[in-house]
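As structure tokens, the structure follows; a few thoughts come after it.
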Amino acid sequence: MKKVFFSFLVVLLFAGCAKKAIMGDSDAFEEEAIQPNVVEALEEPLETKKALADGTVIASIFFDFDKFEIRSDMQSEIDKSVDIAKENDEMKILIEGNTDEFGSDEYNFALGNKRALAVKTALITRGVDKKKMQIVSFGKTKPLCTEKTNECYQKNRRGDIRLLLNK
């Protein structure tokens, strides 16, 4: 579904940006110049396009309440992140540890740091170069969700894996 939507969006974008043709022999030439660009954009996988953007979150690893061990259901996200990191070897990785709102600021910054470190360790174990990774803890200061529900709290207990341009 995403590919169909993306394809439609790309075609619409190029159609809106196309120059108005001037009548004459150049009509066929302008159509040919536009067509290959649309085909090239559609052939590139969506995941590659996302991974190449500076600051793109390639995965969020969710944790249980007051824990920093990576859950078994998050292993596939770790594996996906390793693949993307290896495909984009020229980029750095920033791992951001986050928590829900329970506990003191100090406690949550420490827990966020442990979560980020756990994700970093998992990536290193699977072959990602530790020199290209950095960790940071935001504690409870950057919630994804602010509602007072268990589902919302769970979204905030995470480690985000973000790709950054190698500057």
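In mature numbering (1 follows the signal peptide of the UniProt record, and there is no 0), the protein residues as written are -20 to -1, 1 to 147. The beta-carbon is built from N, C-alpha and C at its ideal position, and this holds for glycine as well.
Drop a sphere of 10 angstroms on the beta-carbon of residue i, count the other beta-carbons inside from all chains shown, and report buried for 16 or more, exposed for fewer.
{"i": "F45", "result": "exposed"}
{"i": "T79", "result": "buried"}
{"i": "N146", "result": "exposed"}
{"i": "E57", "result": "buried"}
{"i": "E131", "result": "exposed"}
{"i": "S40", "result": "buried"}
{"i": "E127", "result": "exposed"}
{"i": "S84", "result": "exposed"}
{"i": "G119", "result": "buried"}
Using the Cα positions of residue i and residue j, report the straight-line distance between them to the nearest angstrom.
{"i": "T82", "j": "K100", "result": "Rather than Thr, the amino acid found at residue 82 in this sequence is Phe. Roughly 24 Å separates the two Cα atoms."}
{"i": "N136", "j": "E86", "result": "17 Å"}
{"i": "I38", "j": "K112", "result": "15 Å"}
{"i": "F89", "j": "V108", "result": "25 Å"}
According to DSSP, what are the bridge partners of residue i?
{"i": "A98", "result": "In the DSSP output, where bridge partners are listed per residue, A98 has none listed."}
{"i": "N130", "result": "DSSP, once it has assigned bridges, lists no residue as partnering N130."}
Just tell me which of the options has its CA closest to the CA of residue i.
{"i": "P123", "options": "G92, Q114, S61, T105", "result": "G92"}
{"i": "R95", "options": "T36, K60, G35, F42", "result": "F42"}
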